[in-house]
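Engineer: Quick one: this structure, given as structure tokens, is what I'll be asking you about.
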Amino acid sequence: MFLDPRLRLPLAFAAGVATALGFAPTDFWILAILGTAMLVGLVDTAPSRRNAAATGWVWGFAMFATSLTWIATAFTFQSAMPAAMGWVAVLGLSAFLALYPMIASVAARALPQPGLARLLVLAGAFMITEWLRGVLFSGFSWNPLGVAWLASPGIAQLARDIGAQGLSGLMVIAGGGLWLLLGPQRTLTQRGVGVAIAAFMLLSGLIGRTYIQNVYFPDNPTLVIVQPNIGQDEKYDEGANARHLERYLAITREAVADSTMGGAVEEERSDQQAAAPFAGVDENAERSGGDQNPPEQEVGSTISETLAGADLAERPNLVIWSESAVFGLPEEDPALRRKLATVLRPRDLLLFGGVAAERDAAGNIDKLRNSLFVLDASARILARYDKAHLTPLGEYVPARGIMETIGLARLAPGGIDFAPGPGPKTFSLPGIPPFSAMICYEIIFGGRVTEYGQRPAWIVNISNDAWFGPTGPPQHLAQARLRSIEEGLPLARATPTGISAVIGPSGGIFAQQDAGISGFIRTTLPPPLPATPYAIYGDQIPLGLSGLLLISGVVLWRRRTVL
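Going by our numbering, the first residue of the sequence shown is number 20, and it counts up by one from there.
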């Protein structure tokens, strides 16, 4: 034991906070490695399984509570519950999610032999518990440990092979290597293993960088992503619905009117900051806050540099609006559809979020769906996707009787819970590459963003991140980037207040509209890469690797190999 027992849990808490700072928006990935290294060290030297359990739980609680503060912000936009309930939700959810790293820590400490054997078991168990976190009790895969590798683009590319859970395992191994190399009372052999792990991580990063490619797409359709900067506080003003729609329409007209801009070649950039050379954001673009009339609002445009000079007159626009962009029931309102279609040219399509209603025999609304609609220039709805993975307390209240007894209700107004759709679907429509649609946080669930056996050419993700304060949107964007890497598919994100973006198939950002800016993105749709190993085999790969790590740790222990 290298540490005063009274300091172990406070140090675990500090390590969890440090790990969380490796996530967006801070992206201090070195801190994620250091925080994970301290977890490995504390578990490796834990005097008992009970202490290892407490260590893993405290570390996990601190990590989740630090990174999920945006949930508390969501509670400030409703009146059904006290806003303070948001912090109860953050702490309660964090306490529950911390059980997963606790289980992994106990599994590692159950092995009597410290050192590399425990590290391998901890990495394998951590991967399994992260997978379980995404599937049990409706699942909540937000901020897997491996998402911190996005700030290290080479290693992040390995998600195409091993998925987000595999990246999390790599983070544990990297932290463990640091512990073996620099921790107190380490043997020369253990330090040698630490050096070997460091070399392995460096080689992995170099290999990963070879996956980042320049892509050419001169003839692809043009994406127009509209970001009106309508805050969540404005959304609840029903009297402003018409004004909000006019804002969407006005920005869309400006975006599609100029047919003198086109697309040729883009270089995919590996981080958000690298998108700046391709962005021409109006310095006067309005930041969030206040309820503005569209004619008085400055509109900032994000247009790829290589969209200058080509003729777009014959190229269709794929106009994308955010989740819940249109108020009402579009399928039952022909006048509304005709109004939406006024901004479209003959071959253009509008993809927008709205609500679909299903009625019983008496004509009463029986079910509501959170949907994405595809509208053509003739005001016809060509396709509809219904969100399948609904948000607890956002779109429905689980165990409503119990929840209402303790004072919890839906964050969104309305007395009818939303019903889930059937799941991922590939839409094939004339004139555009086939696509998969994801609504809001459906994009955080790796391996569940495309229809099995029907690989699309791209993914569209509409969301309403206006709920989530300053930290939620960049975290949501980071997880969308992971899905692009895993699947080898480009992804277009539309949100009302940002961060909207076009993401390449290697996870780099081609263009983005920052949070708090009203405007649009216009760029050509990047092409997909060939199907990645993860796209083909999904979670079989990380689960298989986790099993291999567990077996390797047990074999080292059985052979009494001290490393």
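Cβ coordinates follow ideal geometry from the N, Cα and C atoms, glycine included.
All figures in this text were calculated on a predicted structure; none of them were measured in a lab.
If you draw a straight line from the C-alpha of W340 to the C-alpha of P44, how long is it?
Structural biologist: Locating residue 340 in the sequence shown gives position 321, counting from the first residue. Locating residue 44 in the sequence shown gives position 25, counting from the first residue. Looking at the two C-alpha atoms, the distance is approximately 24 angstroms.
Engineer: How should P131 be labelled, buried or exposed, when 16 other C-beta atoms within 10 angstroms of its C-beta is the threshold for buried?
Structural biologist: As a position in the sequence shown, residue 131 is number 112, starting the count at 1. Per the 10 Å Cβ criterion, exposed.
Engineer: Taking a contact to mean a Cβ-Cβ separation below 8 angstroms, would you say N336 touches R356 in this structure?
Structural biologist: To locate residue 336, count along the sequence shown from 1; it is residue 317. To locate residue 356, count along the sequence shown from 1; it is residue 337. Going by C-beta atoms, N336 is not nearer than 8 angstroms to R356.
Engineer: Which runs of the alpha helix (DSSP H) spanning at least 4 residues fall entirely within the stretch 117 to 154, listed in chain order?
Structural biologist: 118 to 128, 135 to 154
Engineer: Suppose the cutoff is 7 angstroms on Cβ atoms and the five residues either side in sequence are ignored; what does the same chain contact list for L548 look like?
Structural biologist: If you number the sequence shown from 1, residue 548 lands on position 529. Contacts found: G507, P524.
Engineer: Go ahead and pull the three-state DSSP assignment for A485.
Structural biologist: The residue you call residue 485 lines up with position 466 of the sequence shown. Correct three-state label for A485: helix.
Engineer: In the DSSP assignment, find the unbroken alpha helix (DSSP H) run with A71 in it and report its ends.
Structural biologist: The residue you call residue 71 lines up with position 52 of the sequence shown. Counting along the chain, the alpha helix (DSSP H) containing A71 begins and ends at 68 to 86.
Engineer: Does the beta-carbon of A170 have 16 or more other beta-carbons within 10 angstroms, so that it is buried, or is it exposed?
Structural biologist: Counted from its first residue, the sequence shown places residue 170 at position 151. Looking at its Cβ environment, which holds 16 or more other Cβ atoms inside 10 Å, A170 is buried.
Engineer: Where does W340 sit, in a helix, a strand or coil, going by DSSP?
Structural biologist: Locating residue 340 in the sequence shown gives position 321, where the first residue counts as 1. Three-state DSSP puts W340 in coil, outside helix and strand.
Engineer: Can you list, in chain order, the residues of its chain with a C-beta nearer than 8 angstroms to that of V36? Leave out the 5 residues immediately preceding and following it.
Structural biologist: Within the sequence shown, residue 36 is the residue found at index 17, counting from 1. Hits under 8 angstroms: G54, A81, M82, T85.
Engineer: Pull up the DSSP beta-bridge partners for L40, would you.
Structural biologist: The residue given as residue 40 occupies position 21 in the sequence shown. Note: L40 sits in no beta bridge, so no partner.
Engineer: May I ask you to list the residues that DSSP assigns as paired with L394?
Structural biologist: On the sequence shown, position 375 is the one that residue 394 refers to. For L394, which the question treats as bridged, DSSP gives the partners L369, I400.
Engineer: Using 10 angstroms around the beta-carbon of P493, count the other beta-carbons present and answer buried if the total reaches 16, otherwise exposed.
Structural biologist: Counting from one through the sequence shown, the residue named residue 493 turns up at place 474. Sixteen is the threshold: when 16 or more other Cβ atoms of the shown chains lie within 10 Å of the Cβ of P493, as they do, the residue is buried.
Engineer: Just the C-alpha distance for Q292 and L50, rounded to the nearest angstrom, thanks.
Structural biologist: Sequence index remark: in the sequence shown, residue 292 carries index 273 (1-based). Sequence index remark: in the sequence shown, residue 50 carries index 31 (1-based). With a pLDDT of 39 at Q292, under the threshold of 50, the predicted position of this residue should be treated as unreliable, and no value is reported.
Engineer: Give every residue of the same chain whose Cβ lies closer than 8 angstroms to the Cβ of P29, excluding the five residues on either side of it in the sequence, and list them in chain order.
Structural biologist: Numbered from 1 along the sequence shown, position 10 holds the residue referred to as residue 29. Nothing meets the Cβ criterion.
Engineer: Using 10 angstroms around the beta-carbon of F156, count the other beta-carbons present and answer buried if the total reaches 16, otherwise exposed.
Structural biologist: Locating residue 156 in the sequence shown gives position 137, counting from the first residue. The residue in question, F156, is exposed, as its Cβ has fewer than 16 Cβ neighbours within 10 Å.
Engineer: So, at 8 angstroms on beta carbons, what are the nonlocal neighbours of A276 in its own chain, with the 5 sequence-adjacent residues on each side left out?
Structural biologist: Locating residue 276 in the sequence shown gives position 257, where the first residue counts as 1. So no residue of the chain qualifies.
Engineer: By Cβ distance below 7 angstroms, which residues in the same chain neighbour A34 in space, the five residues on each side in sequence not counted?
Structural biologist: The count along the sequence shown starts at 1 and reaches residue 34 at position 15. Answer for A34: G54, M57, L58, W78, listed in chain order.
Engineer: On the criterion of 16 or more Cβ atoms from any shown chain inside 10 Å, does D533 qualify as buried, or is it exposed?
Structural biologist: Reading the sequence shown from its first residue, position 514 is the one you call residue 533. Buried, by the Cβ-count rule.
Engineer: Using only CA atoms, which one of W150, G165, L164 lies nearest to G158?
Structural biologist: Along the sequence shown, one-based indexing puts residue 158 at 139. Nearest C-alpha to G158: W150.
Engineer: Using 10 angstroms around the beta-carbon of Y404, count the other beta-carbons present and answer buried if the total reaches 16, otherwise exposed.
Structural biologist: Position 385 of the sequence shown, counted from the first residue, corresponds to residue 404. Y404 should be labelled buried.
Engineer: Is the stretch 473 to 493 touching the stretch 451 to 458 in the sense that three or more CB pairs, one from each, lie closer than 8 angstroms?
Structural biologist: yes
Engineer: Taking the C-alpha atoms as reference points, what is the distance between N483 and G491?
Structural biologist: For the purposes of this step, residue 483 is taken as residue 464 along the sequence shown, with counting starting at 1. For the purposes of this step, residue 491 is taken as residue 472 along the sequence shown, with counting starting at 1. The alpha-carbon atoms of N483 and G491 are separated by roughly 11 angstroms.
Engineer: Just to confirm, is the Cβ distance from G557 to G466 under 8 angstroms?
Structural biologist: Taking the first residue of the sequence shown as position 1, residue 557 is located at position 538. Taking the first residue of the sequence shown as position 1, residue 466 is located at position 447. Cβ atoms of G557 and G466: closer than 8 angstroms.
Engineer: Have a look at T92, D367, K386 and flag the residue whose alpha-carbon is nearest the alpha-carbon of A398.
Structural biologist: Counting from 1 along the sequence shown, the entry for residue 398 is found at position 379. Comparing Cα-Cα distances from A398 to each of T92, D367, K386, the minimum goes to D367.
Engineer: May I have the straight-line CA-CA distance separating L501 from G526, to the nearest angstrom?
Structural biologist: On the sequence shown, residue 501 is found 482 positions in, with the first residue counted as 1. On the sequence shown, residue 526 is found 507 positions in, with the first residue counted as 1. Taking the straight line from one Cα to the other gives about 6 angstroms.
Engineer: Which parts of the stretch 170 to 238 are runs of the beta strand (DSSP E), unbroken and 3 residues or longer, counting only runs that do not cross its ends?
Structural biologist: 233 to 235
Engineer: Mapping the DSSP letters down to three states, classify E470 as helix, strand or coil.
Structural biologist: For this step, residue 470 is matched to residue 451 along the sequence shown. Looking at E470 - three-state DSSP - the assignment turns out to be coil, as it is neither helix nor strand.
Engineer: Among F47, P561, K358, T148, which has the Cα closest to the Cα of G7?
Structural biologist: Since the displayed the chain opens at 20 and closes at 582, residue 7 lies outside it and no answer follows.
Engineer: Spatial neighbours of S223 within its chain, please: CB distance less than 8 angstroms, with the 5 preceding and 5 following residues excluded, ordered by chain position.
Structural biologist: Looking up residue 223 in the sequence shown gives position 204. Answer for S223: G173, I174, L177, L189, listed in chain order.
Engineer: State the Cα-Cα distance for the pair T229 and D180, rounded to the nearest angstrom.
Structural biologist: If you number the sequence shown from 1, residue 229 lands on position 210. If you number the sequence shown from 1, residue 180 lands on position 161. The straight-line gap from Cα to Cα measures roughly 13 angstroms.
Engineer: Does DSSP put K406 in a helix, a strand or coil?
Structural biologist: Translated into positions along the sequence shown, residue 406 becomes position 387. K406: coil per DSSP, three-state reduction.
Engineer: Which first and last residues belong to the alpha helix (DSSP H) in which S519 is found?
Structural biologist: By one-based count along the sequence shown, residue 519 stands at place 500. S519 -> not in any alpha helix (DSSP H); beta strand (DSSP E) instead, spanning 519 to 522.
Engineer: Helix, strand or coil: how does DSSP classify W161 here?
Structural biologist: Walking along the sequence shown from the start, residue 161 turns up at place 142. Coil.
Engineer: Pull the bridge partners of I384 from the DSSP assignment, please.
Structural biologist: Indexing the sequence shown from 1 puts residue 384 at position 365. For I384, which the question treats as bridged, DSSP gives the partners R378.
Engineer: Using a threshold of 8 angstroms, state whether the C-beta atoms of P443 and V468 are closer than that.
Structural biologist: If you number the sequence shown from 1, residue 443 lands on position 424. If you number the sequence shown from 1, residue 468 lands on position 449. In this structure, V468 lies closer than 8 angstroms to P443 by Cβ.
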